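Colleague:
Protein chains in written order, with the working numbering: chain G, 53 to 77; chain D, 2 to 192.
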């Protein structure tokens, strides 16, 4: 049995961008 | 890079693989943005807001070269080509149809790689302004990039005065693509 995180493409894009900027701060 | 790899994969695995395709592509847009002259002079908040609003549209421009409108196939980053009929099984039929239509229109303009890159920069800074703190700074950046794009295109094709306006008309197309399709669902397996 697998668990999935479902999100919209827009939310996924937002998440990656937020992560990237937080990492580079 | 590899949305389909044999009949032994379940549709869920295919969907996960397709969803994963977007992660490295989004990171590349962030790196691309940092290379746009003037982009990193905006406040960090405004950089983030433009990227959140504009990345989907930049990806649509970037990916349009992978779509072959003539034989209705898509080439993925692993170099393999899949017919639209196969990809419809992923449930992205309406997005793929819109992409084919958009890629046909943009492809017909015959842009060189540097023109395409400058156009992507214009697309990014022309994204929705909701949440932007310094509108003036973003508008100045946009105007500068549009001027550079116009200059590049007109210098290279002095006899074609319609190309630049036709290119700008793709901006509302991209906004429509964004509004209709950025809410599509992706699925990531949590291990």
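Positions of the beta carbon are idealized from the N, C-alpha and C atoms, including for glycine. Just so it is clear, the structure is predicted and the values come from calculations on it, not from any experiment.
(1) Along the segment 40-66 of chain D, where does the CB come closer than 7 Å to a CB of chain G? Name the residues.
(2) Is residue 75 of chain G close to chain D, meaning its C-beta is less than 7 Å from at least one C-beta of that chain?
(3) Checking contacts by CB at 7 Å: is residue 186 of chain D closer than that to chain G?
(4) What residue does the alpha helix (DSSP H) around residue 74 of chain G start on, and which one ends it?
(5) Pick from D:36, D:40, D:51, D:39: whose alpha carbon is nearest that of residue 69 of chain G?
(6) Tell me which same chain residues have a C-beta within less than 6 Å of the C-beta of residue 74 of chain D, skipping the five on either side of it?
(7) Would you mind giving the Cβ-Cβ distance between residue 72 of chain G and residue 124 of chain D, rounded to the nearest angstrom? I have them listed as a contact below 8 Å.
(8) Does the separation of the CB atoms of residue 60 of chain G and residue 60 of chain D fall below 7 Å?
(9) Would you call the segment 161-169 of chain D and the segment 53-71 of chain D touching, i.e. three or more CB-CB distances under 8 Å?
(10) Run the CB neighbour count on residue 34 of chain D, radius 10 Å, all protein chains shown included, and call it buried at 16 or more, exposed below.
(11) Does the CB of residue 37 of chain D have a neighbour CB from chain G at under 7 Å?
(12) Figure out for me which residue from D:56, D:104, D:141, D:189 has the closest Cα to the Cα of residue 76 of chain D.
(13) Answer yes or no: do residue 54 of chain D and residue 134 of chain D have a C-beta to C-beta separation smaller than 7 Å?
(14) Considering residue 82 of chain D, what are the terminal residues of the beta strand (DSSP E) in which it resides?
(15) Got a sec, what are the start and stop residues for the beta strand (DSSP E) residue 189 of chain D sits in?
(16) Are there 16 or more other CB atoms within 10 angstroms of the CB of residue 136 of chain D, so buried, or fewer, so exposed?
(17) Checking contacts by CB at 7 Å: is residue 126 of chain D closer than that to chain G?
Modeller: Taking the definition as stated:
(1) Listed by position, the residues of the segment 40-66 of chain D near chain G (Cβ gap below 7 Å) are 45, 49, 52, 53, 56, 57.
(2) no
(3) Answer yes: the Cβ-Cβ gap between residue 186 of chain D and chain G drops below 7 Å somewhere.
(4) According to the DSSP assignment, residue 74 of chain G belongs to the alpha helix (DSSP H) that extends over 61-75.
(5) For residue 69 of chain G, the closest of D:36, D:40, D:51, D:39 by C-alpha to C-alpha distance is D:51.
(6) So the list reads 82, 84, once near-sequence residues are dropped.
(7) Rounded, the Cβ-Cβ distance is 19 Å, inconsistent with contact.
(8) no
(9) no
(10) Result: buried.
(11) no
(12) D:104
(13) no
(14) 82-84
(15) 186-191
(16) Burial call: exposed.
(17) Not one chain G Cβ lies under 7 Å of residue 126 of chain D.
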